[in-house]
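As structure tokens, the structure follows; a few thoughts come after it.
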Amino acid sequence: MTIRTRVTAAAVVAAFALAGCSSAGDDADRNATTGSSTTSSAAAKADDGKVAAQYPVTVKHRQGETEITAEPKKIVVMNYSGVDYLVSLGYGDRIVGVTSAGVPPEILKGFEDKQTIGSFREPDYEAIASLEPDLIVIGGRTAGTYEQMSEIAPTIDVTVEYDDYLESNAESAEMIGAAFGVSDKAEEKGEELEKKAEDYKKKISAGEPTALVIMTNGGELSTYSEESRFGMIFDLGYTPAAKLDEAGPHGDPVSFEFVADADPDYLFVVDRDAAIGRDGNTAEATLDNELINNTKAAKNGNIVYLNSNDWYLVVGGLTTMSKMIDAAGSAYKG
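Count the sequence shown with mature numbering (1 follows the signal peptide of the UniProt record, and there is no 0) and you get residues -24 to -1, 1 to 310, in order.
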């Protein structure tokens, strides 16, 4: 049973437990959190008009369960997809601190003055504690800080798991929603993304185009499989142009000859240097050679340079994920 399934199951259990109590109780069950039925309860209107859970609530997440005793008003976010979930669900104004890494993606617009708590690799725990957060959101590169963050404030891990990218992303959004009693809203947004992806898949898979996903980094190449951080591209109906011996999440180093031999119909490119703000070898310059220019992707104008900030740094979210799906899906010309 997935975390997302348990969200629904918890809501159903709570609904039966509270049946007949009141109409307010019915509203509660529709907004039950990922916690058990003993801690998930009625939704009520917050002062700002947003739906809020009755606290305490227990949120199930990637590293266990976390009890939240009151509605979070001050939130520290240690991953960019967490910022996206909060902004997309209407709680961006609660963010008081954001990690920093690379070139800020679009979803961080307006939060530049909040980036005072260290980086993905080196969080500033003292600065985080000084903000006195009610909730800390971690994930991905910062998942390993769970114990330290939990000593400061209630912490939830919203890491997106790549083996079922869209489903896992929706689950992570619901974890954030559960903290505020709006997991149903998060679920609805997740379903909208899944429908968008499915619509693209029907069209793309019918044409059976092959694709290769590569990342450029300092003039070098690595390619990514269906189980990787960029595997969502294949979920949209593209067929892998090459079988990888090591289908790891971090990619496999490859040569220009490898790309030429794979000869994909579509070549999707993520420029790591651009994402981290390192000058030098651009993806376009790196790929401008005879081997790449003779591929079907190049000849047909199907080398697709993805937004590296979104694809490499955010790796999830609701607003950003919608852009990512459109970027890969709309590239198909069939």
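Think of the CB as a built atom: it goes at the ideal place given N, C-alpha and C, for glycine as much as any other residue.
Original post:
Nearest to Ser201 by alpha carbon, out of Gly227, Gly194 and Thr192?
Top reply: Among Gly227, Gly194 and Thr192, the Cα nearest to that of Ser201 belongs to Gly227.
**OP:** Inspect the beta-carbon positions of Ala146 and Arg38 and report whether they are closer than 8 Å.
**Re:** Between Ala146 and Arg38, the CB-CB gap reaches or exceeds 8 Å.
Original post:
If you run the structure through DSSP and keep just helix, strand and coil, what is Asn257?
Top reply: For Asn257, the three-state secondary structure derived from DSSP is coil.
Original post:
Is it buried or exposed for Thr262, if we count other Cβ within 10 angstroms and need 16 for buried?
Top reply: Burial call: buried.
**OP:** Could you tell me the distance, in whole angstroms, from the CA atom of Ala77 to the CA atom of Val189?
**Re:** Here the alpha carbon of Ala77 sits roughly 23 Å from the alpha carbon of Val189.
Original post:
For the putative contact between Tyr122 and Ile128, defined by C-beta atoms under 8 Å, what is the C-beta separation to the nearest angstrom?
Top reply: That belief does not hold up - the Cβ atoms of Tyr122 and Ile128 are roughly 11 Å apart, past 8 Å.
**OP:** Starting from the Cα of Ser306, find the closest Cα among Arg254, Pro99, Lys178 and Leu289 and give me that residue.
**Re:** Comparing Cα positions, the closest option is Lys178.
Subject >> Alpha carbon of Pro185 to alpha carbon of Asp241, nearest angstrom >> reply: Whole-angstrom Cα-Cα distance: 6 Å.
Original post:
For Gly153 versus Gly310, is the C-beta distance shorter than 8 Å?
Top reply: No, the pair does not count as a contact, with Cβ atoms beyond the cut-off.
Subject >> Distance, Asp89 Cα to Lys50 Cα >> reply: Going by the C-alpha atoms only, they are around 15 Å apart.
Original post:
Under the three-state reduction of DSSP, which class applies to Met54: helix, strand or coil?
Top reply: DSSP places Met54 in coil when its eight states are reduced to three.
**OP:** Please determine, among Ile132, Gly68, Glu170 and Val59, the residue with the shortest C-alpha to C-alpha distance to Glu43.
**Re:** Distances from the CA of Glu43 to each of Ile132, Gly68, Glu170 and Val59 were compared; the closest alpha carbon is that of Ile132.
**OP:** Return the residue from the list Asp264, Ile268, Glu82 and Asp249 that minimises the CA-CA distance to Asp237.
**Re:** Checking every option, the nearest Cα to that of Asp237 belongs to Ile268.
Original post:
From Tyr56 to Gly68, what does the alpha carbon distance come to, in whole angstroms?
Top reply: If you take the alpha carbons of Tyr56 and Gly68, they lie about 12 Å apart.
Subject >> Cβ distance (whole Å) where Tyr281 is taken to contact Ala304 below 8 Å >> reply: Not confirmed; about 12 Å, so no contact.
Subject >> C-beta atoms of Tyr308 and Asp211 nearer than 8 Å >> reply: Cβ atoms of Tyr308 and Asp211: not closer than 8 Å.
**OP:** Excluding the 5 residues preceding and the 5 following Leu220 in the sequence, name in chain order all residues of the same chain whose CB lies nearer than 6 Å to its CB.
**Re:** Short of 6 Å from the beta carbon of Leu220, and not among the five residues preceding or following it, lie these beta carbons of its own chain, in chain order: Ser201 and Asp228.
**OP:** Please work out which residues of its chain come closer than 6 Å, Cβ to Cβ, to Val72, disregarding the five sequence neighbours upstream and downstream, and give them in chain order.
**Re:** Taking Val72 as the centre and dropping the five residues before and after it, the same chain places the C-beta of Lys50 and Leu107 closer than 6 Å to its C-beta, in chain order.
Original post:
So what's Ile132 in DSSP terms, helix, strand or just coil?
Top reply: Ile132: strand per DSSP, three-state reduction.
Original post:
For Ile71, which of helix, strand or coil comes out of DSSP?
Top reply: Reduced to three states, the DSSP call for Ile71 is strand.
**OP:** Determine the DSSP secondary structure at Val280, reduced to helix, strand or coil.
**Re:** Strand at Val280.
**OP:** Ignoring anything shorter than 3 residues or poking outside the segment 122 to 197, list the beta strand (DSSP E) runs there in chain order.
**Re:** Qualifying beta strand (DSSP E) stretches, in chain order: 131 to 133 and 186 to 193.
**OP:** Rounded to whole angstroms, what's the CA-CA distance from Glu98 to Met54? Just pull it up for me.
**Re:** For Glu98 and Met54, the distance between alpha carbons rounds to 11 Å.
Original post:
CB of Ala303 to nearest heavy atom of the ligand MN: below 7 Å?
Top reply: The model on display carries no ligand, and the ligand MN is accordingly not part of it.
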